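Enquirer: Mapping of the sequence shown onto full-length UniProt numbering: position 60 corresponds to residue 60, and the numbering continues sequentially without gaps.
C-beta atoms are modelled at their ideal positions from N, C-alpha and C, and glycine is treated no differently.
Because the structure is a prediction, the values reported are computed rather than measured.
Following this message is one structure expressed as structure tokens.
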Amino acid sequence: MAAWSERLAGVRGVLLDISGVLYDGGEGGGAAIAGSVEAVARLKRSRLKVRFCTNESQKSRADLVGLLRRLGFDVSEGEVTAPAPAACLILKQRGLRPHLLVHDGVRSEFDQIDTSNPNCVVIADAGEDFSYRNMNKAFQVLMELENPVLFSLGKGRYYKETSGLMLDVGPYMKALEYACGIEAEVVGKPSPEFFKSALQEMGVEAHEAIMIGDDIVGDVGGAQQYGMRALQVRTGKFRPSDEHHPEVKADGYVDNLAEAVDLLLQHADK
Numbered sequence: 001m002a003a004w005s006e007r008l009a010g011v012r013g014v015l016l017d018i019s020g021v022l023y024d025g026g027e028g029g030g031a032a033i034a035g036s037v038e039a040v041a042r043l044k045r046s047r048l049k050v051r052f053c054t055n056e057s058q059k060s061r062a063d064l065v066g067l068l069r070r071l072g073f074d075v076s077e078g079e080v081t082a083p084a085p086a087a088c089l090i091l092k093q094r095g096l097r098p099h100l101l102v103h104d105g106v107r108s109e110f111d112q113i114d115t116s117n118p119n120c121v122v123i124a125d126a127g128e129d130f131s132y133r134n135m136n137k138a139f140q141v142l143m144e145l146e147n148p149v150l151f152s153l154g155k156g157r158y159y160k161e162t163s164g165l166m167l168d169v170g171p172y173m174k175a176l177e178y179a180c181g182i183e184a185e186v187v188g189k190p191s192p193e194f195f196k197s198a199l200q201e202m203g204v205e206a207h208e209a210i211m212i213g214d215d216i217v218g219d220v221g222g223a224q225q226y227g228m229r230a231l232q233v234r235t236g237k238f239r240p241s242d243e244h245h246p247e248v249k250a251d252g253y254v255d256n257l258a259e260a261v262d263l264l265l266q267h268a269d270k
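Right, dumping it as structure tokens:
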């Protein structure tokens with residue numbers, strides 16, 4: 001690999017994943033990953049622009065920011081790009097009325113959306129609500145439509161909580177795709193439109209930005225496909241096999257966010 005000075009040269013903006021990079025969710029809200037609170041503070045004191053880019057779909061953006069602030073992070077709602085608000089914008093633009101298979105914690109994001117007589121389905125990480133009954137209802141809605149439309153807030157395979165690994169929305173999205181013979185529209189990482197939106201909010205070009213995440217495909221692969229650089233942290237859902245992924249190779253692997261910030265502050269924006 002090239003030297004860090006070469007890999008990080010010219011970086012002006014940093015996109016930070018949240019779950020698995022800043023904190024691990026779990027009982028009582030979860031716990032901040034060691035060193036991550038101060039790492040975010042150091043980034044925000046630097047000349048680098050910072051934005052939080054998450055596929056979190058069990059909490060509203062307001063609730064997520066509230067949790068992060070309780071854990072000690074300096075973050076505001078306006079600094080977070082999340083899939084639920086982006087999905088609402090798409091639904092309004094296209095005049096779509098969703099059947100929602102989402103977690104109760106994020107349902108409030110859809111309060112201004114007409115859900116009567118649905119003509120599409122939106123699924124998110126519904127947790128315990130991913131029952132056979134609820135999955136079958138989503139399947140039935142899609143099968144009754146002449147042109148079925150399925151939105152998925154992300155496509156992650158799993159994520160990490162303090163108690164262990166948890167299934168994410170991706171496997172359930174794939175089940176509906178297979179059953180209905182359709183392809184879901186992903187709102188969230190690794191969708192190019194999602195990265196585009198986050199970069200526009202920061203005011204930097206893709207070649208000037210770097211993504212820091214724990215998901216080799218959704219975070220690293222998605223960012224690189226959009227023309228960004230990407231680092232993978234060895235926290236959250238990271239597995240040693242990620243460093244030998246057959247299709248995606250990060251621009252660098254770091255033990256945690258604190259190490260990533262050390263490197264960025266030393267070599268970026270030169």
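Please list the segments of the alpha helix (DSSP H) lying wholly inside the segment 32-59, counting only runs of 4 or more residues, in order along the chain.
Expert: Entirely contained in the segment 32-59, the alpha helix (DSSP H) runs reaching 4 residues are, in chain order, 36-45.
Enquirer: So what does DSSP say about I198, is it helix, strand or coil?
Expert: The sequence given here has Ala at residue 198, not Ile. Three-state result, A198: helix.
Enquirer: Contact between the segment 24-37 and the segment 48-55 is defined here as three or more beta-carbon pairs at a separation below 8 angstroms; is this criterion met?
Expert: Contact between the segment 24-37 and the segment 48-55 is absent, because fewer than three Cβ pairs lie under 8 angstroms.
Enquirer: Start and end of the beta strand (DSSP E) containing A230?
Expert: First-last of the beta strand (DSSP E) with A230: 229-233.
Enquirer: With DSSP as the reference, label E128 as helix, strand or coil.
Expert: Looking at E128 - three-state DSSP - the assignment turns out to be helix.
Enquirer: For R229, count neighbouring C-beta atoms within 10 Å of its own C-beta (all shown protein chains included) and say buried if the count is 16 or more, exposed if not.
Expert: Buried.
Enquirer: Tell me which residue opens and which closes the alpha helix (DSSP H) that Y178 is part of.
Expert: Counting along the chain, the alpha helix (DSSP H) containing Y178 begins and ends at 170-180.
Enquirer: Is it right to say T162 is buried, meaning 16 or more other beta carbons lie within 10 angstroms of its own, or is it exposed?
Expert: With fewer than 16 other Cβ atoms within 10 Å, it is exposed.
Enquirer: How big is the Cα-Cα spacing for S57 and V11?
Expert: In a straight line, the C-alpha of S57 is about 29 angstroms away from that of V11.
Enquirer: Once DSSP output is grouped into helix, strand and coil, what is the label at G156?
Expert: Note: G156 maps to coil in three-state DSSP.
Enquirer: Using the Cα positions of G181 and A2, report the straight-line distance between them to the nearest angstrom.
Expert: Approximately 44 angstroms, taken between the alpha carbons.
Enquirer: Within its chain, find whatever has a CB closer than 7 angstroms to the CB of K160; leave out the 5 residues flanking it on each side and keep chain order.
Expert: The residues are G20, D24, G236, K237.
Enquirer: Quick one: is P118 buried, meaning 16 or more other Cβ sit within 10 Å of its Cβ, or exposed?
Expert: When all chains shown are included, P118 counts as buried.
Enquirer: Rounded to the nearest angstrom, what separates L89 and I123 at their Cα positions?
Expert: So the two alpha carbons sit approximately 16 angstroms from each other.
Enquirer: What does DSSP give as the partner residue(s) for I113 in the beta ladder?
Expert: Per DSSP, none; premise fails for I113.
Enquirer: Below 8 angstroms between beta carbons: does that hold for residue 278 and L96?
Expert: The structure shown does not extend to residue 278, since the chain spans only 1 to 270, so no value can be given for it.
Enquirer: So V141 and V121 are in contact, right, with Cβ under 8 angstroms, and what is the actual spacing, rounded?
Expert: With 8 angstroms as the limit, V141 and V121 qualify as a contact, their Cβ atoms being about 6 angstroms apart.
Enquirer: What's the gap between the Cα of S131 and the Cα of H99?
Expert: Straight-line Cα distance between these residues: approximately 15 angstroms.
Enquirer: Which same chain residues end up closer than 7 angstroms to G156 when comparing Cβ atoms and leaving out the 5 residues on each side of it in sequence?
Expert: Taken in chain order, the residues that qualify are N55, D168, V169, G170, D215, G218.
Enquirer: Would you please state the rounded distance, in angstroms, between the beta carbons of S108 and S60? I believe it to be under 8 angstroms.
Expert: Between S60 and S108 the Cβ distance is about 5 angstroms, and since that is below 8 angstroms, they are a contact.
Enquirer: Does the Cβ of Y172 have 16 or more other Cβ atoms within 10 Å, making it buried, or fewer, making it exposed?
Expert: It counts as buried.
Enquirer: H207 bridges to which residues according to DSSP?
Expert: None, per the DSSP bridge assignment.
Enquirer: Heavy atom of the ligand FAD less than 7 angstroms from the Cβ of G227, yes or no?
Expert: Among the components modelled here there is no ligand, and therefore nothing to report on the ligand FAD.
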